[in-house]
Amino acid sequence: MLQGVDLEINQVTSVKDRTPSPCRPFRRERTAVSLPTVLAQGHPHDDLRSSQQCFDDYSSCKIRNMFYDLNIPYIPNDPNTLDILHFLAELGYTTVALSQSISTKVPPNQKPPALPTNIPKSITLLTRLNLTVSDPSQNPRLVALAQSYSLLAIRPTNEKSLTQACNSLDCDIISLDLSVRLPFHFKFKTLSAAISRGVRFEICYGPGVTGSGLEARRNLISNAIALQNKLLVPELLGM
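In case it helps, the working numbering puts the sequence shown at residues 1246 to 1484.
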């Protein structure tokens, strides 16, 4: 178990100010939405307004018992989707992001899927695109995609794509699979550039705890510690 890791509650992911869109109901400047997470606890930094916003939002969500799941894999017309949404509503979830994942070059006609109808009234649906990136220049439509989807998550596969994601790519989340041996080291200057832009880091810990083997768990723990040591820890979230 990682020292200072809280396994109980929800943390947040920031969303930035962009042109309003029907698909992006929560995109307001310095707005935060809550997310099921493993949270690396630390002291809030008064000079980082987004960090304080995260802690304030986290505390209020505890009181109201609000839950968010912002990464539900979605296939249009899948009959199981409604069952999942109704189950989440029964558990008290109020906001759900239905996600699509792309690990190759983005198709020219890529757009958010049609959302299911007859969903529980207590749930607000968002759209999310998970995009694996090795060379951002191969996907020049990132800005358009960020405007089309409620959330855009980038998964960098090398140091070059991580650096670009932190410094300039228009995204909400940098998603990291820490269960594998990463081909790069985390650098404070690089990570802090993302934090200053309101981007959040997401730890995908599922592969490390679902029977992927001892090595995956070992990588998850060591990589998470390395990431925490380089980050302002209020900006770390996990999924």
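All C-beta atoms in this analysis are idealised placements derived from N, C-alpha and C, irrespective of residue type, glycine included. Fair warning: this is a prediction, and the values are worked out from it, not measured in the lab.
message: Determine whether the beta carbon atoms of residue 1431 and residue 1403 lie at a separation below 9 Å.
response: no
query: Could you give the uninterrupted runs of the beta strand (DSSP E) lying entirely in the segment 1308-1362, keeping only those of 3 residues or more?
result: 1312-1318 and 1338-1347
message: What does the Cβ neighbour count give for residue 1363, buried or exposed, with the cut at 16 atoms within 10 Å?
response: exposed
Inter-residue Cα distance where the pair is residue 1392 and residue 1329: 27 Å
query: With a CB to CB cut of under 8 Å and the five nearest residues on each side skipped, what residues in its chain are close to residue 1327?
result: 1361, 1363 and 1364
task: Give the straight-line distance between the Cα atoms of residue 1369 and residue 1427, rounded to the nearest whole angstrom.
output: 35 Å
message: Short of 8 Å in beta carbon distance, which residues of its chain neighbour residue 1423, apart from the five on each side in sequence? Order them along the chain.
response: 1448, 1449, 1450, 1453, 1464, 1465, 1468, 1469 and 1472
- prompt: So is residue 1443 buried or exposed if we call it buried at 16+ other beta carbons inside 10 Å?
  reply: buried
field: Rounded separation between residue 1409 and residue 1315 - CA only
entry: 23 Å
message: Give the list of continuous alpha helix (DSSP H) stretches no shorter than 4 residues that lie fully inside the segment 1442-1478.
response: 1451-1454 and 1459-1475
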